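Residues in the sequence shown are numbered from 1 upward in steps of one, following the numbering used here.
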Amino acid sequence: MTEYNKITDAEVKKLESICGEEYVTDSEPLRYSYMAKGIMGLEAELPEVIVRPANVEEVAGVLQVANDNLSPVTPAAGGLSGGFALPAIEPGGILMDMARMNRMEVDPENRVMVVEPGVKCGDAWRIFKKKWPEWAPPIPDGAPPGATILGDAIERGFSLVTARYGPQADMIMGLEVVLPDGQIFKTGSWALDGAKAFYRWGIGPNPDGLFLGSQGSMGIVTKAAVKIVPHPHHKTIVAYGGDSWDHIVEPVWEIAKHEMGISDNTVMVQGGNWPLVMTRWPKGNIPQDYKFYDKIGIDEYWMNTEIWAHSEEELNFTLERIDEIYKDYELRENTKCPKQDLHPKQIASRLKKPNLIAVPYGLYQAGFLFITWYTPWLEAPRMMEEYCAKMEEYGFPPTMWVASIDHARQAIVMPILCFDSTEEGIYDKIRQFNLETTKSFLKQGWINYRPDPFVHAPETFSKAKDYYKMLVKFRKVLDPNLILHPGRLAIPWGTVTDLPNPMEE
Numbered sequence: 001m002t003e004y005n006k007i008t009d010a011e012v013k014k015l016e017s018i019c020g021e022e023y024v025t026d027s028e029p030l031r032y033s034y035m036a037k038g039i040m041g042l043e044a045e046l047p048e049v050i051v052r053p054a055n056v057e058e059v060a061g062v063l064q065v066a067n068d069n070l071s072p073v074t075p076a077a078g079g080l081s082g083g084f085a086l087p088a089i090e091p092g093g094i095l096m097d098m099a100r101m102n103r104m105e106v107d108p109e110n111r112v113m114v115v116e117p118g119v120k121c122g123d124a125w126r127i128f129k130k131k132w133p134e135w136a137p138p139i140p141d142g143a144p145p146g147a148t149i150l151g152d153a154i155e156r157g158f159s160l161v162t163a164r165y166g167p168q169a170d171m172i173m174g175l176e177v178v179l180p181d182g183q184i185f186k187t188g189s190w191a192l193d194g195a196k197a198f199y200r201w202g203i204g205p206n207p208d209g210l211f212l213g214s215q216g217s218m219g220i221v222t223k224a225a226v227k228i229v230p231h232p233h234h235k236t237i238v239a240y241g242g243d244s245w246d247h248i249v250e251p252v253w254e255i256a257k258h259e260m261g262i263s264d265n266t267v268m269v270q271g272g273n274w275p276l277v278m279t280r281w282p283k284g285n286i287p288q289d290y291k292f293y294d295k296i297g298i299d300e301y302w303m304n305t306e307i308w309a310h311s312e313e314e315l316n317f318t319l320e321r322i323d324e325i326y327k328d329y330e331l332r333e334n335t336k337c338p339k340q341d342l343h344p345k346q347i348a349s350r351l352k353k354p355n356l357i358a359v360p361y362g363l364y365q366a367g368f369l370f371i372t373w374y375t376p377w378l379e380a381p382r383m384m385e386e387y388c389a390k391m392e393e394y395g396f397p398p399t400m401w402v403a404s405i406d407h408a409r410q411a412i413v414m415p416i417l418c419f420d421s422t423e424e425g426i427y428d429k430i431r432q433f434n435l436e437t438t439k440s441f442l443k444q445g446w447i448n449y450r451p452d453p454f455v456h457a458p459e460t461f462s463k464a465k466d467y468y469k470m471l472v473k474f475r476k477v478l479d480p481n482l483i484l485h486p487g488r489l490a491i492p493w494g495t496v497t498d499l500p501n502p503m504e505e
């Protein structure tokens, strides 16, 4: 394992001279409070000190101190939109809380917003609603208001318009990055002094892919230029049920093929199974069998679609065509896809942004973990059937969520493990569950997102060794002292653990 030095009082003083005494703390209770934000993973180390820089110059200064002392640095935006902004290295080193960097600029003419890491999606949505109601910021869907736009974007996350526009990384037009050595540079057209962020591919080869999905292991992103999208105000939610995963996934494929048409109105397409409802409530307060949910009108499987349109006529046309496609599918496949009769309050609740649909799963048994995979859209049913069977085999409720990315070109498949965090051996059981499913899914060509550093990352990269070696080379060029945390990608493996490197076996 790479050797790092612990933070001493001398380093704390240097950090205080850069960020200000009130924005640096080594208070143990405060350091532990940051650990509570890490809801997307199970392994983390306690940071030794928290710093809260106000600008890009202070970020560069902190990195210089880290290089001088060989101390690891973990950057964190909100830590709530899908990433895992906690140290993966021992000692925990410096946790760089980017919340003070919360400035936002909006350029409606070029349909771009520039955000710093601390811009929260709840604040952005409120400001747009008041000042630019005809435009929408692509805030993360399902995440709480405290999640950040930049964190979700550079994590290649899931926005409220992902079914139409693709993952958040596709919305990036430019990045401002502080490299591990403190050098500051910009990508895209931003690289040209005085130019606006209007062209992602810039003035030469575009390196932004090194920073999107790297979880802060290649550099610290201090600004991102992100596309904004039209925000028409004729909206609704429509939902259809089914008796299998195939029968909710395949009709979406039929709709998605109508690009440059009704498919472009479907900004969010997502669904699940009945345990997705059950596990939103405390386990002891709600029935555990499907009969109850059937009686109250919940299908075994369902898919709901959020539709935006510029007029009532356009909205009605889209709804009629979607209904026709479902009816044609029912006849062809000799099945039933019942249209759900949604209450206006259900529709209003789902249309409200930002929403909190990801939060209640902690109520079921106190512990929950999101695991996420990408598959080709029509292969998602096979994955979900295998996943649900394995969840039940391990004693987890088969809570499953799926959503469309970019007109159903890909599926994002997310089992939600709900568990009793006090159960003896539960974390070993989760790791074994992850290992068994990961081995199977990788053989089928499916790709994990939000990897566990001791399961998904090594299993994946052991089957993509040349790719991993190239990532390590890039990492060592940008960060020769390896001070930036490796995220959950284990780049390179030796920065995370002294266990045998699976990529070298």
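Glycine residues also receive a C-beta, built at the ideal position from the N, C-alpha and C atoms.
None of these values were measured; they are calculated from a predicted model.
Check, Outcome
"Note down the Cα distance separating residue 124 from residue 106, rounded to an integer number of angstroms.", "10 Å"
"Please classify residue 444 as buried or exposed, where buried requires at least 16 neighbouring CB atoms within 10 angstroms.", "exposed"
"Which residue marks the beginning of the beta strand (DSSP E) containing residue 58, and which one marks its end?", "That residue, residue 58, is in no beta strand (DSSP E); its alpha helix (DSSP H) goes 56–69."
"Whose C-beta lies closer than 7 Å to the C-beta of residue 344 among residues of the same chain, with five residues either side of it excluded?", "none"
"Rounded to whole angstroms, how far is the Cβ of residue 372 from the Cβ of residue 405, which I believe are closer than 8 Å?", "At roughly 11 Å, the Cβ-Cβ gap does not stay under 8 Å, so residue 372 and residue 405 are not in contact."
"Ignore the nearest five residues each way along the sequence and tell me which others in residue 506's own chain have a CB closer than 6 Å to its CB.", "The question about residue 506 has no answer, for the chain in this structure spans 1 to 505."
"Short check: CB of residue 194 to CB of residue 186, under 8 Å?", "no"
"What number of angstroms, rounded off, separates the C-alpha of residue 55 from the C-alpha of residue 62?", "11 Å"
"Apart from the five residues just before and just after residue 509, which ones in its own chain have a Cβ nearer than 8 Å to its Cβ?", "It is not possible to answer for residue 509, since the shown part of the chain is limited to 1 through 505."
"For residue 310, count the other beta carbons within 10 Å of its own beta carbon; 16 or more makes it buried, fewer makes it exposed. Which is it?", "exposed"
"Flag this pair as yes or no: are the beta carbons of residue 534 and residue 375 separated by less than 8 Å?", "It is not possible to answer for residue 534, since the shown part of the chain is limited to 1 through 505."
"So what's residue 301 in DSSP terms, helix, strand or just coil?", "strand"
"Verify whether the separation of the beta carbon atoms of residue 73 and residue 483 is less than 8 Å.", "yes"
"Relative to the C-alpha of residue 111, which candidate in 136, 129, 98, 126 has its C-alpha closest?", "136"
"Measuring CA to CA, which of 141, 176, 211, 190 is closest to residue 169?", "211"
"Go ahead and pull the three-state DSSP assignment for residue 404.", "strand"
"Straight-line CA distance for residue 489 to residue 481?", "17 Å"
"Name the DSSP beta bridge partners of residue 270, please?", "304, 403"
"Would you decide whether residue 245 is buried or exposed? Buried here means 16 or more other CB atoms lie within 10 Å of its CB.", "buried"
"Given that a residue counts as buried once 16 or more other Cβ atoms are within 10 Å of its Cβ, and exposed if not, what is residue 499?", "exposed"
"Could you give the C-beta distance for residue 221 and residue 176, rounded to a whole number, given that I count them as a contact under 8 Å?", "7 Å"
"Closer than 6 Å by C-beta to residue 138: which residues in its own chain qualify, once you throw out the five before and the five after it? Chain order, please.", "159, 161, 171"
"Indicate whether the contact test is met: 3 or more Cβ pairs, each with one atom in the region 309–326 and one in the region 230–243, closer than 8 Å.", "yes"
"Starting from residue 393, trace the alpha helix (DSSP H) in both directions and tell me its first and last residue.", "380–393"
"Beta carbon of residue 184, beta carbon of residue 262: below 8 Å?", "no"
"Taking its Cβ as the centre, do 16 or more other Cβ atoms sit within 10 Å of residue 201, making it buried, or is it exposed?", "exposed"
"Please state the DSSP three-state secondary structure of residue 448.", "strand"
"Taking Cβ to Cβ, would you say residue 148 is nearer than 8 Å to residue 120?", "yes"
"What residue from 341, 327, 256 has the CA that sits closest to residue 297's CA?", "341"
"By a C-beta neighbour count over all protein chains shown, 10 Å radius and 16 as the cutoff for buried, is residue 203 buried or exposed?", "exposed"
"Taking Cβ positions, are residue 485 and residue 87 nearer each other than 8 Å?", "yes"
"Run through DSSP, which three-state label would residue 104 get?", "strand"
"Compute the Euclidean distance between the alpha carbons of residue 370 and residue 143, then round it to the nearest angstrom.", "12 Å"
"Would you grab the beta carbon distance between residue 116 and residue 257 for me? Rounded to a whole angstrom, and I think it's under 8 Å.", "Residue 116 to residue 257, Cβ: 39 Å. No contact."
"Have a look at the DSSP bridge pairing and note the partners of residue 484.", "73"
"If you compare alpha carbons, which of 128, 101, 134, 67 is closest to residue 151?", "101"
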